[in-house]
Structures are given as C-alpha cells and as structure tokens.
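Notes to accompany the following structure.
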Amino acid sequence: MSKPTSITDQLHFQTLVKGTTYLVADFYADWCGPCKTIAPFYEQLSTAHSAAGQLGFVKVNVDSHQGVAREYDVTAMPTFIVFKNGKQIERIRGANPSALRAAVQKITAELAKEKEEKATQKPVETPQGEEKTVSGSYGLTSNSNWRMSLN
Numbered sequence: 000m001s002k003p004t005s006i007t008d009q010l011h012f013q014t015l016v017k018g019t020t021y022l023v024a025d026f027y028a029d030w031c032g033p034c035k036t037i038a039p040f041y042e043q044l045s046t047a048h049s050a051a052g053q054l055g056f057v058k059v060n061v062d063s064h065q066g067v068a069r070e071y072d073v074t075a076m077p078t079f080i081v082f083k084n085g086k087q088i089e090r091i092r093g094a095n096p097s098a099l100r101a102a103v104q105k106i107t108a109e110l111a112k113e114k115e116e117k118a119t120q121k122p123v124e125t126p127q128g129e130e131k132t133v134s135g136s137y138g139l140t141s142n143s144n145w146r147m148s149l150n
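As structure tokens, this is what we get:
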C-alpha cells in the first residue's frame with residue numbers, strides 16, 4: 000500500500016498504464032482549488048487500496064505533462080481516468096469523492112472475485128497411469144560435486 004506515483008514523463012505514464020492491471024490516474028493542476036481539496040482523499044484511497052501490479056494510483060500534472068493530458072482529452076481538472084489492462088474504462092470529471100470511492104470499490108471487488116476464482120479452480124489432473132517423462136541436458140566440469148534426484 001503506497002501513496003500515488005507522480006509521473007515523470009509520457010513514457011513513465013504509458014509504462015504504468017500497461018504494467019498495472021488497474022490504474023487510477025488523477026489529472027490535476029497546482030493552481031486548481033478542487034484538485035487541492037480532493038488530493039488528501041485520493042492519497043487515502045491510494046494508501047488503503049494500492050497493490051503492486053494490480054491496482055495503482057498516479058498523479059499527472061497537466062501543466063508539466065501537457066502531452067499526456069492532450070492524449071486523453073483532459074479539459075477539466077481534476078479528471079480521474081480508470082484504466083484496466085491499458086484501456087480506459089471510466090472517467091470522473093471534477094472533485095467527486097463518492098464517485099471516486101465507488102470506482103475504487105468496484106475495482107477492489109473485481110480483484111477479490113478474480114483472486115477467489117483462482118483459489119477455487121481445480122488443478123488440471125493427469126490421467127491415471129500416464130507415464131511422465133523428464134528430459135534435459137547437463138554438463139560436468141572438473142571439481143563438480145552435485146546430485147540429481149527425480150521423484
């Protein structure tokens with residue numbers, strides 16, 4: 000669980016979008032009053048819910064990173080964009096804590112459901128009596144002292 004990541008450039012942002020299952024991006028400006036008002040709430044959500052590789056929170060300063068803001072057609076601040084597997088799935092315009100909380104709760108519920116489904120999946124069974132084979136190669140050098148066991 001961590002605080003939101005402030006992006007350093009467009010490539011940094013793209014790397015985070017593509018490398019995180021869910022990403023919540025806060026497009027803000029330093030001079031924006033509503034941005035300042037919702038910032039502590041956004042930070043609390045990030046601290047409480049971020050999970051490496053699964054759910055991330057980033058901050059994008061629209062004045063410093065105009066190209067990123069333009070790419071995602073951000074025209075009002077704050078704007079929160081939710082990405083899933085690199086694709087935009089939701090957009091929240093304005094400082095709306097209840098909408099932001101609902102979006103994060105929906106994500107955490109989906110992640111919990113996916114985790115539960117993985118835990119309840121049965122492992123693939125091999126047919127009884129099927130012969131199993133292990134193959135490979137190895138090399139020995141002088142002074143080698145090793146053992147190999149196949150169970």
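In terms of numbering that gives the first Met the number 0, the sequence shown has 50 at position 51, counting the first letter as 1, and numbering is strictly consecutive. Using N, Cα and C, we set each Cβ at its ideal position, and we do this for glycine too.
Discussion item. Does P151 pass the burial test, meaning 16 or more other C-beta atoms within 10 Å, or should it be called exposed?
Written reply: Not covered by the structure: residue 151. The range shown for the chain is 0 to 150.
Discussion item. Looking at the strands, I want to know which residues DSSP matches up with Q87.
Written reply: Walking along the sequence shown from the start, residue 87 turns up at place 88. Paired residue(s): F82.
Discussion item. Nearest by alpha-carbon distance to F205: which of N60, C34 and E115 is it?
Written reply: Not covered by the structure: residue 205. The range shown for the chain is 0 to 150.
Worksheet item: Is the beta carbon of D29 less than 8 angstroms from the beta carbon of F79?
Response: Here residue 29 refers to the residue found at position 30 of the sequence shown. Here residue 79 refers to the residue found at position 80 of the sequence shown. No, Cβ-Cβ distance for D29 and F79 is not below 8 angstroms.
Worksheet item: Starting from G55 and walking both ways along the alpha helix (DSSP H), at which residues does that stretch end?
Response: The count along the sequence shown starts at 1 and reaches residue 55 at position 56. Not the alpha helix (DSSP H): G55 falls in the beta strand (DSSP E), residues L54 to N60.
Worksheet entry | DSSP three-state assignment for V73, whether helix, strand or coil | As a working mapping, residue 73 is identified with position 74 in the sequence shown. Looking at V73 - three-state DSSP - the assignment turns out to be coil, as it is neither helix nor strand.
Item to complete: Taking only heavy atoms of the ligand ATP into account, decide whether any of them is closer than 7 angstroms to the Cβ of A68.
Response: With respect to the ligand ATP, the structure shown offers nothing to examine, as it has no ligands at all.
Worksheet item: What residue does the alpha helix (DSSP H) around A47 start on, and which one ends it?
Response: Residue numbering aside, residue 47 sits at position 48 when the sequence shown is read from its first letter. From DSSP, the alpha helix (DSSP H) with A47 extends over G32 to H48.
Discussion item. Does A94 come out as helix, strand or coil in the three-state DSSP assignment?
Written reply: As a working mapping, residue 94 is identified with position 95 in the sequence shown. The DSSP-derived three-state label of A94 is coil.
Worksheet item: Given that a residue counts as buried once 16 or more other Cβ atoms are within 10 Å of its Cβ, and exposed if not, what is G55?
Response: Here residue 55 refers to the residue found at position 56 when the sequence shown is read from its first residue. In this structure G55 is buried. Its beta-carbon is surrounded by 16 or more other beta-carbon atoms within 10 angstroms.
Worksheet item: Using a Cβ-Cβ cut-off of 8 angstroms (strictly less than) and excluding sequence neighbours within five positions of G52, which residues of its own chain qualify?
Response: Along the sequence shown, one-based indexing puts residue 52 at 53. The residues are G18, T19 and T20.
Worksheet item: Can you list, in chain order, the residues of its chain whose CB lies under 8 angstroms from that of P33, leaving out five sequence neighbours each side?
Response: As a working mapping, residue 33 is identified with position 34 in the sequence shown. Taking C-beta separations shorter than 8 angstroms and ignoring five residues to either side along the sequence, the partners of P33 in its chain run M76, P77, G93 and A94, following chain order.
Discussion item. From the DSSP secondary-structure annotation, give me the bridge partner or partners of L22.
Written reply: What you label residue 22 is simply residue 23 of the sequence shown in a count that begins at 1. According to DSSP, which records beta bridges pairwise, L22 is partnered with G55 and F82.
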